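A.B. asks: The sequence shown begins at 0 in numbering that gives the first Met the number 0 and counts up by one.
Glycine included, C-beta positions come from ideal geometry on N, C-alpha and C.
As the structure is a computational prediction, the values presented were derived from the model and not from experiment.
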Amino acid sequence: MYTSKSLAQHQSSIPDPKPIAVLAAHGKSFYFASLFLGNHYAESAAQLYKFCRFLDDLADGTDINRIERLKNIHGYLAGEVRLIEDELETKNFLVLAKKKSIPLAAAQELVEGMISDQIPARFDNTKQLLRYCHAVAGTVGLMMCRVLDCSQKDADSFAIDLGVAMQLTNIARDVLEDAQMSRRYIPSEWLNLNELQSEPCSWVDASIDLRIKVSSAIEQLLKLAEQYYESAEQGIVLLPLRSRFAINVALRIYRQIGRQLQEKKYCWWQGRQVVSAFKKIQLTLFGLSVFIPRKTPTHQQKLHEPLLGLAGVNNL
């Protein structure tokens, strides 16, 4: 981990090319939700998104040195090595981490998730799936909780749940795109596939039998996501008031992707679902319900049983 002394070296940020513009271009649902955060929190949230987007683009890019670069960033975050490249993005993130007390263990785990994606995914069981979702998205929820200055007890746990739910939705939405990249995040234990069908490349021009099997698994994915959405929704009350509304909007928009998949009978071979501007406005109005007084929630520990040992997960 970085020491206070080493982090202090980064208190003056390197000029950064407009994080808000990156958020608007690549994270439209999150950008829409950020409009309700106010300038300070929207800028900080966009800075975090920009770092995460940089890692994602690096991991999914064509640079032959991308694994070495990711490992170098991971080592730097752990205070073990010097940066070889990527100083702008990484050091600007460290400025934000210092300012907002973001746990660097979460950022390290995020990078580990990106490194794991360099080998096409072939998950066997639900635990592997959920631990991956925590690595690439639950960690982001944890870091965002700090960005929004939320200090309430148990808030981290609910923030992790929102990240996990959103990543499960991503996986359900992107089954076809992932198959084209030879990735299969749906656990094999959910699928009754023959040897040929187990290879994601065979999903691109899938038979009717295969389409039905994968559709059933997507339904299961979204039911699992719903458990984490329900938990995250309860935890929103722990956020500061203005942040509460913005995060509720983001939750509702992402959740809508899964509901549209359900309405389309899980026809994953037709491409990804997109939430329309009109629907986003409608969901925003529904999001006003977040201001109804609610009791302080108790987190369901069973949701984190598969995540033990990961960043921000309390011992059960």
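Drop a sphere of 10 angstroms on the beta-carbon of Ile-63, count the other beta-carbons inside from all chains shown, and report buried for 16 or more, exposed for fewer.
C.D. replies: As a position in the sequence shown, residue 63 is number 64, starting the count at 1. So Ile-63 counts as exposed.
A.B. asks: Measure the C-alpha to C-alpha separation of Pro-18 and Thr-125 and round it to an integer number of angstroms.
C.D. replies: Here residue 18 refers to the residue found at position 19 when the sequence shown is read from its first residue. Here residue 125 refers to the residue found at position 126 when the sequence shown is read from its first residue. Their backbone Cα atoms lie some 34 Å apart in a straight line.
A.B. asks: What separation, rounded to the nearest whole angstrom, lies between the Cα atoms of Cys-144 and Asp-155?
C.D. replies: Within the sequence shown, residue 144 is the residue found at index 145, counting from 1. Within the sequence shown, residue 155 is the residue found at index 156, counting from 1. Those two C-alpha atoms are separated by around 7 Å.
A.B. asks: If you scan the region 52 to 121 from start to end, which runs of the alpha helix (DSSP H) of 4 or more residues do you find wholly inside it?
C.D. replies: 65 to 76, 86 to 99 and 103 to 115
A.B. asks: Contact between the region 65 to 78 and the region 24 to 37 is defined here as three or more beta-carbon pairs at a separation below 8 Å; is this criterion met?
C.D. replies: no
A.B. asks: What is the DSSP secondary structure of Arg-243, counted as helix, strand or coil?
C.D. replies: One-based indexing of the sequence shown puts residue 243 at position 244. Three-state result, Arg-243: helix.
A.B. asks: If you scan the region 196 to 233 from start to end, which runs of the alpha helix (DSSP H) of 4 or more residues do you find wholly inside it?
C.D. replies: none
A.B. asks: Of all the alpha helix (DSSP H) runs that stay within the bounds of the region 146 to 179, which reach a length of 4 or more residues?
C.D. replies: 154 to 172 and 174 to 179
A.B. asks: Where does Arg-81 land, buried or exposed, given buried means 16+ other C-beta within 10 angstroms?
C.D. replies: Numbered from 1 along the sequence shown, position 82 holds the residue referred to as residue 81. Exposed, because fewer than 16 other Cβ atoms sit within 10 Å of the Cβ of Arg-81.
A.B. asks: In whole angstroms, give me the CA-to-CA distance for Lys-278 and Gln-117.
C.D. replies: Mapped onto the sequence shown, residue 278 falls at position 279. Mapped onto the sequence shown, residue 117 falls at position 118. Rounded to the nearest angstrom, the two C-alpha atoms are 35 Å apart.
A.B. asks: Sorted by chain position, which residues of the same chain lie with C-beta nearer than 7 Å to Leu-220's C-beta, five sequence neighbours on each side aside?
C.D. replies: As a working note, residue 220 is residue 221 in the sequence shown. Counting only Cβ-Cβ distances below 7 Å, and skipping sequence neighbours, we find Leu-167, Ile-170, Ala-171 and Ile-185.
A.B. asks: Tell me the rounded alpha-carbon separation between Asn-191 and Ala-224.
C.D. replies: Counting from one through the sequence shown, the residue named residue 191 turns up at place 192. Counting from one through the sequence shown, the residue named residue 224 turns up at place 225. When rounded, the distance between both Cα atoms is 21 Å.
A.B. asks: Run through DSSP, which three-state label would Leu-141 get?
C.D. replies: In the sequence shown, residue 141 corresponds to position 142, counting from 1. Residue state, collapsed to three classes: helix.
A.B. asks: Ala-32 lies in the alpha helix (DSSP H); which residues open and close that run?
C.D. replies: Translated into the one-based positions of the sequence shown, residue 32 becomes position 33. Residues 27 to 33.
A.B. asks: Within this structure, are the beta carbons of Gln-272 and Gln-259 separated by less than 9 Å?
C.D. replies: One-based indexing of the sequence shown puts residue 272 at position 273. One-based indexing of the sequence shown puts residue 259 at position 260. The answer is yes: Cβ separation under 9 Å.
A.B. asks: With a cut-off of 8 Å, do at least 3 Cβ pairs link the region 38 to 51 to the region 83 to 94?
C.D. replies: yes
A.B. asks: How about the region 209 to 220 and the region 134 to 141: do they share at least three Cβ pairs that are nearer than 8 Å?
C.D. replies: no
A.B. asks: With three or more beta-carbon pairs closer than 8 Å as the criterion, would you say the region 301 to 309 touches the region 127 to 137?
C.D. replies: Touching, yes, given that three or more Cβ pairs across the two stretches are closer than 8 Å.
A.B. asks: What's the C-alpha gap between Lys-99 and Asn-38?
C.D. replies: The residue given as residue 99 occupies position 100 in the sequence shown. The residue given as residue 38 occupies position 39 in the sequence shown. Going from the Cα of Lys-99 to the Cα of Asn-38 covers about 16 Å.
A.B. asks: Suppose the cutoff is 6 Å on Cβ atoms and the five residues either side in sequence are ignored; what does the same chain contact list for Ile-101 look like?
C.D. replies: Numbered from 1 along the sequence shown, position 102 holds the residue referred to as residue 101. Cβ within range, chain order: Met-142 and Arg-145.
A.B. asks: Phe-244 and Phe-35 - do their beta-carbons sit closer together than 9 Å?
C.D. replies: Locating residue 35 in the sequence shown gives position 36, counting from the first residue. Locating residue 244 in the sequence shown gives position 245, counting from the first residue. Taking 9 Å as the Cβ cut-off, Phe-35 and Phe-244 qualify as a contacting pair.
A.B. asks: Give the C-beta separation of Val-274 and Ile-252 to the nearest angstrom, bearing in mind that I take them to be a contact with Cβ-Cβ under 8 Å.
C.D. replies: Here residue 274 refers to the residue found at position 275 when the sequence shown is read from its first residue. Here residue 252 refers to the residue found at position 253 when the sequence shown is read from its first residue. With 8 Å as the limit, Val-274 and Ile-252 qualify as a contact, their Cβ atoms being about 5 Å apart.
A.B. asks: Since Lys-126 is in the alpha helix (DSSP H), which residue starts that stretch and which ends it?
C.D. replies: Along the sequence shown, read from residue 1 onward, the residue named residue 126 stands at position 127. Lys-126 -> alpha helix (DSSP H) spans 125 to 132.
A.B. asks: Taking the alpha-carbon of Leu-129 as reference, which of Val-248, Pro-119 and Gln-226 has the nearest alpha-carbon?
C.D. replies: As a working mapping, residue 129 is identified with position 130 in the sequence shown. Minimum Cα distance to Leu-129 is reached at Gln-226.
A.B. asks: Just how far apart, CA to CA, sit Lys-301 and Gly-162?
C.D. replies: Here residue 301 corresponds to residue number 302 of the sequence shown, with the count starting at 1. Here residue 162 corresponds to residue number 163 of the sequence shown, with the count starting at 1. Cα to Cα, Lys-301 sits roughly 16 Å from Gly-162.
A.B. asks: Answer with buried or exposed for Arg-241, where buried requires no fewer than 16 other C-beta atoms within 10 angstroms of its C-beta.
C.D. replies: Position 242 of the sequence shown, counted from the first residue, corresponds to residue 241. When all chains shown are included, Arg-241 counts as exposed.
A.B. asks: Using only alpha-carbon positions, find the residue among Asn-193, Trp-189 and Cys-200 that is nearest to Arg-182.
C.D. replies: One-based indexing of the sequence shown puts residue 182 at position 183. Across the set Asn-193, Trp-189 and Cys-200, the C-alpha of Cys-200 shows the shortest separation from the C-alpha of Arg-182.
A.B. asks: May I have the straight-line CA-CA distance separating Asp-123 from Ala-178, to the nearest angstrom?
C.D. replies: Position 124 of the sequence shown, counted from the first residue, corresponds to residue 123. Position 179 of the sequence shown, counted from the first residue, corresponds to residue 178. Whole-angstrom Cα-Cα distance: 16 Å.
A.B. asks: Can you tell which of Ser-288, Gln-127, Ile-256 and Ile-246 has the C-alpha that lies nearest to the C-alpha of Asp-173?
C.D. replies: By 1-based counting over the sequence shown, the position of residue 173 is 174. Relative to the Cα of Asp-173, the nearest Cα in the group Ser-288, Gln-127, Ile-256 and Ile-246 belongs to Ile-256.
A.B. asks: Out of Ser-214, Trp-268 and Gln-233, which one is the CA nearest neighbour of Asp-160?
C.D. replies: Locating residue 160 in the sequence shown gives position 161, where the first residue counts as 1. Closest by alpha carbon: Gln-233.
A.B. asks: Would DSSP call Ile-13 helix, strand or coil?
C.D. replies: The residue given as residue 13 occupies position 14 in the sequence shown. A caution first: Ile-13 carries a pLDDT of 44, below 50, which makes its placement in the model unreliable, though a value can still be read off. DSSP places Ile-13 in coil when its eight states are reduced to three.
A.B. asks: Within 10 Å of its beta-carbon, does Ile-83 have 16 or more other beta-carbons around it, so buried, or fewer, so exposed?
C.D. replies: For this step, residue 83 is matched to residue 84 along the sequence shown. Exposed, by the Cβ-count rule.
A.B. asks: Residues in its own chain within less than 8 Å of Tyr-75 by CB, not counting five upstream and five downstream?
C.D. replies: On the sequence shown, residue 75 is found 76 positions in, with the first residue counted as 1. The answer, listed in chain order, is Arg-81, Leu-82 and Thr-89.
A.B. asks: Go ahead and pull the three-state DSSP assignment for Thr-297.
C.D. replies: Position 298 of the sequence shown holds residue 297. Residue state, collapsed to three classes: coil.
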